[in-house]
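Engineer:
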Amino acid sequence: MIQNATLIFDVGKTNKKLYVLDQDLNEVHKEYLRFNEVKDDEGYPCDDLQAISYWIIESVREILGSDKYEVKHINFSTYGASLVHLNKEGKVIAPFYNYLKPFPEDLQEHFFTKYQNEIDFSLTTASPFMGFLNSGLQLYYIKYKRPDIFKELSTSLHLPQYLSYLLTKNLTSDYTSMGCHTGLWNYNTMEYAEWVKKEGLDKYLPKVATASTVNSIQLHGHEINVGIGVHDSSSALVPYLENVEKKFVLLSTGTWSICMNPFNESELSTDELEKDCLNFMGPSGQSVKASRLFLGQQLRDKAKELGTFFNVEYHRYKKIKFDLLFEAVPADKGQLLFNYPHLDVARFGFKNALTEDLSLFRNFDQAYHQLIYELTELQISALKLAIGDSKIEHIYIDGGFANNEVFTQMLANKLPGYVIRSTEFALGSSLGAAVLVNPDERVRKNLSENYKYRTHYQTVTKGKKTL
0 MIQNATLIFD VGKTNKKLYV LDQDLNEVHK EYLRFNEVKD DEGYPCDDLQ
50 AISYWIIESV REILGSDKYE VKHINFSTYG ASLVHLNKEG KVIAPFYNYL
100 KPFPEDLQEH FFTKYQNEID FSLTTASPFM GFLNSGLQLY YIKYKRPDIF
150 KELSTSLHLP QYLSYLLTKN LTSDYTSMGC HTGLWNYNTM EYAEWVKKEG
200 LDKYLPKVAT ASTVNSIQLH GHEINVGIGV HDSSSALVPY LENVEKKFVL
250 LSTGTWSICM NPFNESELST DELEKDCLNF MGPSGQSVKA SRLFLGQQLR
300 DKAKELGTFF NVEYHRYKKI KFDLLFEAVP ADKGQLLFNY PHLDVARFGF
350 KNALTEDLSL FRNFDQAYHQ LIYELTELQI SALKLAIGDS KIEHIYIDGG
400 FANNEVFTQM LANKLPGYVI RSTEFALGSS LGAAVLVNPD ERVRKNLSEN
450 YKYRTHYQTV TKGKKTL
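Numbering (numbering that gives the first Met the number 0), first residue to last: 0 to 466.
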C-alpha cells in the first residue's frame, strides 16, 4: 500500500485529470478524461458541472476505498474566472457560465455609467475589462439579467473552492482565485473593490484565505486534510518558488499560455493593461505580474486547419522534431502569414494575414514550423510585458508546451540572453496543489532533489531571426 498519498484533481478547460502521488509526490496513478459540454440557459456551451462533480465524488469514494493507497491529502487545481452559485441549502441554482460567453453590451454600458470608466476599473482591480472573464461581472450579470436566480443566491464560490466544498461543505475563497482577473479585488487596499461593496455583492463572497489552508475531515472512514483549492496558473508557480533560487519568469502553458513574474513589483500601466497584462495573486496574496495568450487553443485550431489541407492527422504536430534547416518564409516586418483570431496580434505590433496561402509550404511539417515561428514571436512579446524592467535571466516553461521541441527550441534561439528551461516533471499545476497541502519539510527536500529541468541551448539555424 502507498502510504501518506495525495489525491489531486486537475480540472482544466479542456482536460480533466486525477493524480495519486506518493509521499515524495511522485505520480503512482493517473486518470485523464474529457467531458462533453452542455448548454446554459441561453444556449451557450459550458462545462458540465454536474458530471464533473459526480466524477470527483465517485473518484474520491473509489480511491479511498482502494487497498492500494492510504490517502491523507486531497486538493484541487482548476481553471479560473468561473463561479458556482449556491442557495442557502448549498444547491447549485444557476448555469455554470462559460468565461468565453459574450458579455451584454447594454450591461457593460450600465456598469460604466454607474461606476469608474474602463481605465480606472482596470488600474484599480489590476485587470482589463473582459466581460465574463472577470468573474465579478458574472455576479453583476446575474443580479441584473437573472434576478430570479439572484433572489435565491446565498454564496458564490470560484470553481476550486466549490470542488473542495463538495467534500468539506466549508465555504471559502482563496487569494489565487480572487486574483485571477476577477475585477472583484482592489489591489491597492487588498480588499473587495468599491463597486463590489456598493452593489452589495461582497456578502455573497466568502472570506478570503491563503491557498495553503486545509480542512481536516472524516471522509469514508478516513481522516483527510482537504485543501481549499487553487487557481491552476498560480498553482504552477509553487514548485518554482520552492526550488528556484534565482529570479525567474514562469511560462505556464496549456489552453492559455500565461507568463508569470513574481519579481516584477512595478504598478500596472495603462499601456500594459491595453496589451492584456494584469496582476494575479500568489497563494499568500502576493502580487504576480502576468501576461496572457490563448496560445494552446490557437495552436490546436491552426493544426487542425493544416491537417485538413495536407490530408494528415493533425495530432502529428506533437511529435515533430525541430528542423535545423528551417527557414522562415520572408514577409514584411510584423506581417504574419497566418491569421490568429484569438490572439489580438495588433497589440504587439503585428498584422494578421488577410488570407492564408498554405500552398507556400511543401508539407505539414514546414507549415507547422512557420506556425510556431510566428507564435513564438507573439509569445516573446507577451514575455517581455511580464518581465518589464525586472532583472530576470531565467525562463521556465511548464505544461503542454514544455514537451514541444519546436516551440522550446525556437524560444531558445530567439532569446540568447536568457536561460530557457522546461520541466521534466509532467504534473504542472497539480504538483503545486500537492505541495500546498503537504507541509512536511521532507516533501520539499525530496521535491528539490527530484524536480528536474531540461535546459534548451541555442542552435545554429536559419530560422533564428525574429520578425
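We put the CB at the ideal spot given by N, CA and C, even for glycine. Just so we're clear, the structure is a prediction, and the values are computed from it rather than from any experiment.
#1: For the stretch 51–80, which segments carrying the beta strand (DSSP E) assignment without a break, of at least 3 residues, lie completely within its bounds, in sequence order?
#2: With distances taken Cα to Cα, identify the nearest neighbour of residue 222 among 91, 133 and 167.
#3: Please report the distance separating the alpha-carbon of residue 52 from that of residue 165.
#4: What is the rounded straight-line gap between the Cα of residue 28 and the Cα of residue 5?
#5: Okay, do the stretch 77–96 and the stretch 168–182 touch, 3+ Cβ pairs below 8 Å being the bar?
#6: Mind reading off the beta-carbon distance from residue 229 to residue 432? Whole number of angstroms is fine, and I expect it under 8 Å.
#7: Apart from the five residues just before and just after residue 385, which ones in its own chain have a Cβ nearer than 8 Å to its Cβ?
#8: According to the neighbour-count rule (16 or more other Cβ atoms, all chains shown, within 10 Å of its Cβ), is residue 157 buried or exposed?
#9: So, with DSSP's three-state summary, where would you put residue 462?
#10: Report the rounded CA-to-CA distance for residue 140 versus residue 163, giving the unit in angstroms.
#11: Which residue marks the beginning of the beta strand (DSSP E) containing residue 397, and which one marks its end?
#12: When the Cβ atoms of the stretch 192–202 are set against those of the stretch 295–313, are three or more pairs found closer than 8 Å?
#13: What three-state label does DSSP hand residue 285 in the structure shown?
#14: Confirm, please, whether the CB-CB distance from residue 75 to residue 205 is below 7 Å.
#15: Quick one: measure Cβ to Cβ for residue 467 and residue 177, integer angstroms, because I've assumed they're closer than 8 Å.
#16: Buried or exposed: where does residue 391 fall if 16 or more other Cβ atoms within 10 Å of its Cβ makes it buried?
#17: Rounded to whole angstroms, what is the Cα-Cα separation between residue 12 and residue 400?
#18: Tell me which residue opens and which closes the alpha helix (DSSP H) that residue 113 is part of.
#19: Applying the 10 Å Cβ sphere with the 16-neighbour rule, what's the burial state of residue 125?
#20: Counting C-beta neighbours from all protein chains within 10 Å, is the total for residue 280 16 or more, i.e. buried, or is it exposed?
#21: Can you give, in chain order, each stretch of the alpha helix (DSSP H) that sits fully within the stretch 243–311 and has at least 4 residues?
#22: From which residue to which residue does the beta strand (DSSP E) around residue 32 run?
Structural biologist: To lay it out plainly:
#1: Runs found: 68–77.
#2: Nearest option by C-alpha distance: 167.
#3: Straight through space, the alpha carbons of residue 165 and residue 52 are spaced by roughly 8 Å.
#4: In a straight line, the C-alpha of residue 28 is about 11 Å away from that of residue 5.
#5: Output reads yes: the stretch 168–182 touches the stretch 77–96.
#6: Rounded to the nearest angstrom, the Cβ distance from residue 229 to residue 432 is 5 Å, consistent with a contact under 8 Å.
#7: Correct list, in chain order: 248, 258, 259, 260, 263, 276, 288, 289 and 290.
#8: So residue 157 ends up on the buried side.
#9: Note that residue 462 scores 45 on pLDDT, short of 50, meaning its location in the model is unreliable; the coordinates nonetheless yield the value given after this. In the structure shown, residue 462 sits in coil (DSSP, three-state: anything other than H, G, I, E or B).
#10: For residue 140 and residue 163, the distance between alpha carbons rounds to 25 Å.
#11: Per DSSP, the unbroken beta strand (DSSP E) holding residue 397 starts and ends at 393–398.
#12: Judged by Cβ distances under 8 Å, the stretch 192–202 makes no contact with the stretch 295–313, as fewer than three pairs qualify.
#13: Residue 285: coil per DSSP, three-state reduction.
#14: Contact: no.
#15: Nothing can be reported for residue 467, as the shown portion of the chain is limited to 0 through 466.
#16: Looking at its Cβ environment, which holds 16 or more other Cβ atoms inside 10 Å, residue 391 is buried.
#17: So the alpha carbons of these two residues sit roughly 16 Å apart.
#18: 104–113 is the span of the alpha helix (DSSP H), which, as asked, contains residue 113.
#19: Within 10 angstroms of the beta-carbon of residue 125 lie 16 or more other beta-carbons, which makes it buried.
#20: With 16 or more neighbouring CB atoms inside 10 Å of its own CB, residue 280 falls in the buried class.
#21: Complete alpha helix (DSSP H) runs here, min 4: 269–273 and 294–309.
#22: That run of the beta strand (DSSP E) goes 26–32.
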